[in-house]
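Below: one structure, written as C-alpha cells.
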Amino acid sequence: MEILLRPVSYTHLDVYKRQGIAIGSLGKYKEEEPVDGITIKGCTLKGTDNGVRIKTWPSTPGTITVTNMRFEDITMDNVKNPIIIDQEYCPWNQCTKKYPSKIRISKVIIKNIKGTSATKEGLILACSSGVPCQGVEISNVDLKFNGAPAIAVCSNVKPKISGKVPPCTTPNNKKQ
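Residue numbering for the sequence shown follows my numbering, beginning at 549 and increasing consecutively.
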C-alpha cells in the first residue's frame, strides 16, 4: 500500500537517465489513498525515459482521485516521454486492459515546459474512457523532436489550451 504526504512540492530538481518524475502507479490496490496537491516546478530532466508522468492501472479495484497536480517551468533534454498521463499503464503485461481505469484525474496544470523530446510524441494525455480527465490546463509547451515541433496525442480529455501548445491529435492522428 502506498502512503501519501499532501501537499507536496518539489522544486529545482535535476533528474538524469532514470525513469523521470512519476505520480503513481495508482489504482492497483483498493486501499490506496487519494493524491492531492503535488507541485513539480523549476526542474530539468535529461535523457530520462519519462519527464513528468501520472500513471494508473486499468481493470483494477482502485477508485481514488488524483487532483491539483501542477507541472511548471520544466526543461526537458532528450526525454522519451516528456509529458504523459497514462491511464492504461500495464508494464510487462501484468494486467488486462479489458476495463478502463477507475482513477479520476482532475485539475492538472501543465505550464512552461520546453526542450527536446527523444520521441515524436512530446505530450501524451491517454485518459480513461471510464472517467475522462477533467480540468486539464496546458500552456506554453515548446518541445522539439529532431528540430521540428513534437506532437500532442490526446484521448478522453478536452484540455484548456493557452499560449504555444501543439494541437491535440487522437491516437489515430485526427485533430481533437
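The C-beta atom is built at its ideal place from N, Cα and C for all residues, glycine as well.
Residue i - DSSP class collapsed to helix/strand/coil
i       : result
Pro-609 : coil
Asn-641 : helix
Pro-697 : strand
Asp-597 : coil
Pro-680 : coil
Glu-579 : coil
Gly-670 : strand
Pro-714 : coil
Lys-708 : strand
Lys-786 : The question about residue 786 has no answer, for the chain in this structure spans 549 to 724.
Ser-703 : strand
Arg-618 : strand
Ser-687 : strand
Lys-646 : coil
Exposure of residue i, with buried meaning 16 or more beta-carbon neighbours within 10 Å
i       : result
Lys-650 : buried
Trp-640 : exposed
Thr-608 : buried
Pro-719 : exposed
Thr-604 : buried
Glu-550 : Residue placement at Glu-550 is poorly supported in this model, since its pLDDT is 40, which falls under 50; the coordinates still yield a value, given next. So Glu-550 ends up on the exposed side.
Ser-703 : buried
Distance between beta carbons of residue j and residue i, contact taken as under 8 angstroms
i       : j       : result
Pro-729 : Ala-700 : Absent from the structure is residue 729, since the part of the chain shown begins at 549 and ends at 724.
Ile-657 : Arg-618 : 5 angstroms
Tyr-647 : Pro-606 : 6 angstroms
Ala-666 : Lys-628 : 5 angstroms
Thr-623 : Ser-654 : About 26 angstroms; that fails the 8 angstroms criterion.
Glu-620 : Lys-589 : 5 angstroms
Limits of the unbroken beta strand (DSSP E) element including residue i
i       : result
Thr-718 : Careful: Thr-718 lies outside any beta strand (DSSP E) and carries neither H nor E.
Gly-663 : 652-665
Ser-573 : 569-574
Pro-630 : 629-634
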